[in-house]
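*Asks:* Numbering (this note's numbering), first residue to last: 348 to 1256.
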């Protein structure tokens, strides 16, 4: 029997920072390595068999494994294999074989151990399967082993005529399930009970018409729960599950029609509150999941209908661990049909998955993966052991056996994928796809600005392997016209920290950006601008929607020119397999708007944007979509039991940017292209299902004028989804704003830089990785920038200079550093203190002291002074009158983050 202990569930959400704004869609309450999840997801070094493990049990710091194998070998990395004929005893703490050696054999056929169970005092190990001898001692498919001496108990001599697949033990009785029809020559069909001491057959009779696969005694000892393939027990209809009296075998509770006829029960486990079933089905309409039933009463507590052949269940500390190859939990509101997940955890009180998801592969044999679990303990540490037919664990080679400890979490979260955007002065939205940690769902994120060693903000948020929402934080301490960089780390409950994200850079505009600000103001709940520089993350720029997308098969990023004015870019799809799916599973209300810009010359059509039931595979439900026909016409469709569509009369595959908006609500369906209404349809409903938004392609089977390709070959930009119907005036306004004047930003790195040093008056520092500034003893740094001309129709609106302090101890300064023009001639390779150039005035800007610690610092420069040098060269010097030296990275340094750098913002006069 397996029992559970107390439950504790925790979730933290916190935010600290100088400028603070947070948007995140919180997952249901979940946990990290602390309760309720009791084990890490980090597999420990464990000896491994050359076959399949079917059974596990634990006693006195040893774990016993039975199955179909002939040897065990060390973990990858060394050592010799040892003979182990269908059985091995292993140290629970080290994973290495113990001195207990038993061989389960048979004269003909293939011997196998299919069940292991211990007496309540753990002094006797009972083994069932198909075998005729243990270490040469004759037995008949069921044997008793003295744990202390590792010898067969010859006084225990039952006689089972076929395979024993399941065992449960009380103080005086061993219950067995399997394929047998007789025991000791007496009729007992698939279930039987024998004496725990001598194996003598007991009167218990619970005859089933098909094999028994699971047997478990209720905690009070009054009843036995049976599971298997059967349809009747003692002649009464009760498919796959039944409860019988522990003494007589008479039915206590039958379950006719409770489990689908093409599904069976593979395992049963109990705790103090109930029992749990692992179910496997074959064919369509199966039940492959898990059921929790209450004690007393035997009624259903919950049912998890995930698909994927559950093989084993194990309740421990109010968490139900399960072994399966779950591939579709859409019916539970979790993940759609796709990748298999073999190890899962959920509360014993409900169906929602917890933050524990190590994984195996399917492996050998039937390709099921893990098949059995048990908990072993030694020296105060608990170990979750998993056996089966897998050959990898968390992607690394490991066959048949693995284990996870209750301590020693070493796995860090995945590296966050971050980006940053600014739509108006004084505000930057920093956002990232939440990280994945296989045994921690609540992670702490730290945001670092401009390379500083101290985070500017800390955010805690939840994620699961199938639910990784965007997390966002708003920096409200930024200045217009200045550039900022951000990096994000993720840390789990054990303080394991990811590497920093790639640097995300942004320049704060000097005025509000018209187009994105209007999309946000009009209530977009998903807004993909496609300005991302790193795969596979499509950031959501809506005001709090946090509905990021995931790139598949590497769409082409940062395509220019984009559809709207300004620095924003587009994304390109190859028409074969590149696309984006949303991370967030949702339903769509009765009113919605889909909007995107597109550009293509394809003659094979394709889906631009739409809603579908799957993520990385073709959806089996799909509508609320916009697609193009082979001849370039645009179609908006919704499904009401039949396909309902609006199709443009004109073609738009002319390789020009076009704006398409599709709305549906109480007034019906409307399609706009380039701000003009192109058609309406009096249809107010659509198919109601849970799914995901897609860009660049998804299923189109059965739709009118279905194009040759379901995948989009072309570019998209500014895709947005609204939970309301945009009015015609709003659509027209969006179309017009695309060409409204917008700031453009140019960043210019130093073409030359060096410094002069009074202490080495004849030395040139042009190749140095450092720059220095001090009044006494004198240092001065010189920078030259080659400036572009202002773009046509624009003027320079702001200019800033960014520098980065080095990692030298005390690199900062308490003195004011001035940025002044250089009037004399100089060169990077020739300037020394002796021939340093003359400096002019007045100062263009300055730094009122710079703190220690390597970080980027920015000064605003006098716009007029910089504007006069556009189209030519601008020479600047950094000087000080104080005595506290400032040390900076030069353009030659790898750690400079692009500094020294000028950021020039151009806009309409």
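From the three backbone atoms N, C-alpha and C, an ideal C-beta is built for every residue, glycine too.
#1: Given a threshold of 16 other Cβ atoms within 10 Å of its Cβ, counted over all protein chains shown, does residue 922 qualify as buried or as exposed?
#2: Count the CB pairs spanning the segment 867-877 and the segment 1110-1125 that are closer than 8 angstroms, and state whether there are at least three.
#3: Short of 8 angstroms in beta carbon distance, which residues of its chain neighbour residue 1030, apart from the five on each side in sequence? Order them along the chain.
#4: Apply the 10 Å Cβ neighbour rule to residue 695 and answer buried if 16 or more other Cβ atoms are within range, or exposed otherwise.
#5: Quick check on residue 369: does DSSP put it in helix, strand or coil?
#6: What is the DSSP secondary structure of residue 825, reduced to helix, strand or coil?
#7: Give the straight-line distance between the Cα atoms of residue 1226 and residue 773, rounded to the nearest whole angstrom.
#8: What's the gap between the Cα of residue 1243 and the Cα of residue 892?
#9: Would a C-beta distance cut-off of 9 angstroms place residue 970 and residue 1041 closer than the cut-off?
#10: Based on the DSSP output, what are the partners of residue 394 in its beta bridges?
#11: Less than 7 angstroms between C-beta atoms, sequence neighbours within five positions excluded: which residues of the same chain meet that for residue 697?
#12: Rounded to the nearest angstrom, what separates residue 638 and residue 566 at their Cα positions?
#13: Do you know how far the Cα of residue 1058 is from the Cα of residue 1050?
#14: Where does residue 569 land, buried or exposed, given buried means 16+ other C-beta within 10 angstroms?
#15: If you follow the alpha helix (DSSP H) that residue 1082 is in, where does it begin and where does it stop?
#16: Which full runs of the alpha helix (DSSP H) of 4+ residues lie inside the segment 853-910, going along the chain?
#17: Whose C-beta lies closer than 7 angstroms to the C-beta of residue 370 among residues of the same chain, with five residues either side of it excluded?
#18: Grouping DSSP H, G and I as helix and E and B as strand, with all else coil, what is residue 1154?
#19: Considering only C-alpha positions, which residue in the set 1149, 1222, 621 and 601 is nearest to residue 1236?
#20: Run through DSSP, which three-state label would residue 1009 get?
#21: If we count the other Cβ atoms within 10 Å of its Cβ and call it buried at 16 or more, is residue 1035 buried or exposed?
#22: Touch check for the segment 725-744 and the segment 843-858: three-plus C-beta pairs under 8 angstroms?
#23: Taking 8 angstroms as the threshold, find out whether the segment 832-849 comes into contact with the segment 760-775 through three or more Cβ pairs.
#24: Hey, would you say residue 437 sits closer than 9 angstroms to residue 394, going by beta carbons?
#25: For residue 958, list the residues DSSP reports as bridge partners.
#26: Run the CB neighbour count on residue 540, radius 10 Å, all protein chains shown included, and call it buried at 16 or more, exposed below.
#27: Mapping the DSSP letters down to three states, classify residue 363 as helix, strand or coil.
#28: Express the C-alpha separation of residue 895 and residue 1079 in angstroms, rounding to a whole number.
#29: Taking the beta strand (DSSP E) that residue 1165 falls in, what are its first and last residues?
#30: Are the segment 1205-1223 and the segment 1152-1162 touching by the rule of at least three beta carbon pairs closer than 8 angstroms?
#31: So, under 8 angstroms CB-CB, residue 841 and residue 386 are touching, yes? Tell me the CB distance rounded to an integer number of Å.
#32: Check for me: the beta strand (DSSP E) holding residue 419 runs from which residue to which?
#33: Would residue 712 pass as a contact of residue 689 if the rule is Cβ separation under 9 angstroms?
#34: Between which two residues does the beta strand (DSSP E) carrying residue 722 extend?
#35: Using the rule of at least 16 other Cβ atoms within 10 Å of the residue's Cβ for burial, across every protein chain shown, is residue 931 buried or exposed?
*Replies:* In short, the structure shows the following:
#1: Your numbering for residue 922 matches position 575 in the chain shown. Classification of residue 922: buried, given that the 10 Å Cβ count is 16 or more.
#2: The segment 867-877 vs the segment 1110-1125: no contact.
#3: As a first step, residue 1030 must be located in the chain shown, where it is residue number 683. Within the same chain, residue 1030 has close Cβ partners 985, 987, 991, 1011, 1015 and 1016.
#4: Along the chain shown, read from residue 1 onward, the residue named residue 695 stands at position 348. Around the beta carbon of residue 695, 16 or more other beta carbons sit within 10 angstroms, so the residue counts as buried.
#5: Sequence index remark: in the chain shown, residue 369 carries index 22 (1-based). For residue 369, the predicted model reports a pLDDT of 42, less than 50, meaning its position is unreliable and no value from the coordinates is stated.
#6: Taking the first residue of the chain shown as position 1, residue 825 is located at position 478. Of the three classes helix, strand and coil, the one that applies to residue 825 here is coil, per DSSP.
#7: For the purposes of this step, residue 1226 is taken as the residue at position 879 of the chain shown. For the purposes of this step, residue 773 is taken as the residue at position 426 of the chain shown. Rounded to whole angstroms, residue 1226 to residue 773 spans 29 angstroms at the Cα level.
#8: Here residue 1243 refers to the residue found at position 896 of the chain shown. Here residue 892 refers to the residue found at position 545 of the chain shown. In this structure, the CA atom of residue 1243 is about 35 angstroms from the CA atom of residue 892.
#9: Working through the chain shown from its first residue, we reach residue 970 at position 623. Working through the chain shown from its first residue, we reach residue 1041 at position 694. With respect to the 9 angstroms criterion, residue 970 and residue 1041 are not classified as neighbours on the basis of their beta carbons.
#10: Against the chain shown, residue 394 aligns to sequence position 47. Among the bridge pairs identified by DSSP, residue 394 is matched with none.
#11: Locating residue 697 in the chain shown gives position 350, counting from the first residue. Spatial neighbours of residue 697 in its own chain (CB-CB distance under 7 angstroms, excluding positions within 5 residues in sequence) are listed in chain order as 649.
#12: For the purposes of this step, residue 638 is taken as residue 291 along the chain shown, with counting starting at 1. For the purposes of this step, residue 566 is taken as residue 219 along the chain shown, with counting starting at 1. Roughly 18 angstroms separates the two Cα atoms.
#13: As a first step, residue 1050 must be located in the chain shown, where it is residue number 703. As a first step, residue 1058 must be located in the chain shown, where it is residue number 711. Straight-line Cα distance between these residues: approximately 14 angstroms.
#14: Numbered from 1 along the chain shown, position 222 holds the residue referred to as residue 569. So residue 569 ends up on the exposed side.
#15: As a working mapping, residue 1082 is identified with position 735 in the chain shown. It spans 1075-1084 - the alpha helix (DSSP H) in which residue 1082 sits, taken as one unbroken run.
#16: Complete alpha helix (DSSP H) runs here, min 4: 861-868.
#17: Numbered from its first residue, the chain shown carries residue 370 at position 23. Since pLDDT at residue 370 reaches only 41, below the 50 mark, its modelled position is unreliable, and no value is offered.
#18: Along the chain shown, one-based indexing puts residue 1154 at 807. Residue state, collapsed to three classes: coil.
#19: Counting from 1 along the chain shown, the entry for residue 1236 is found at position 889. When each option's Cα is compared against that of residue 1236, the closest is 1149.
#20: Reading the chain shown from its first residue, position 662 is the one you call residue 1009. In the three-state reduction of the DSSP assignment, residue 1009 falls in the strand class.
#21: For this step, residue 1035 is matched to residue 688 along the chain shown. Flag for residue 1035 reads exposed.
#22: No, the segment 725-744 is not in contact with the segment 843-858.
#23: The segment 832-849 vs the segment 760-775: in contact.
#24: The sequence position of residue 437 within the chain shown is 90, counting from 1. The sequence position of residue 394 within the chain shown is 47, counting from 1. Result yes, Cβ atoms of residue 437 and residue 394 sit closer than 9 angstroms.
#25: Taking the chain shown and counting its residues from 1, the one referred to as residue 958 is at position 611. When DSSP reads this structure, residue 958 sits in a beta bridge with 970 and 1040.
#26: Counting from 1 along the chain shown, the entry for residue 540 is found at position 193. Classification of residue 540: buried, given that the 10 Å Cβ count is 16 or more.
#27: Mapped onto the chain shown, residue 363 falls at position 16. Note that residue 363 scores 44 on pLDDT, short of 50, meaning its location in the model is unreliable; the coordinates nonetheless yield the value given after this. DSSP places residue 363 within a strand segment (E or B) once states are collapsed to three.
#28: Start at 1 with the first residue of the chain shown, and residue 1079 comes out as number 732. Start at 1 with the first residue of the chain shown, and residue 895 comes out as number 548. In a straight line, the C-alpha of residue 1079 is about 26 angstroms away from that of residue 895.
#29: Position 818 of the chain shown, counted from the start, is the residue given in the question as residue 1165. Element bounds for residue 1165: 1160-1168.
#30: Contact fails: fewer than three Cβ-Cβ distances are below 8 angstroms.
#31: Start at 1 with the first residue of the chain shown, and residue 841 comes out as number 494. Start at 1 with the first residue of the chain shown, and residue 386 comes out as number 39. 13 angstroms between Cβ atoms; not a contact.
#32: In the chain shown, counting from the first residue as 1, residue 419 sits at position 72. Note, residue 419: beta strand (DSSP E), 418-420.
#33: Mapped onto the chain shown, residue 712 falls at position 365. Mapped onto the chain shown, residue 689 falls at position 342. Taking a C-beta distance under 9 angstroms as the contact criterion, residue 712 and residue 689 do not qualify as a contact pair.
#34: Against the chain shown, residue 722 aligns to sequence position 375. The continuous beta strand (DSSP E) containing residue 722 extends over residues 717-725.
#35: Here residue 931 corresponds to residue number 584 of the chain shown, with the count starting at 1. Under this definition residue 931 is a buried residue.
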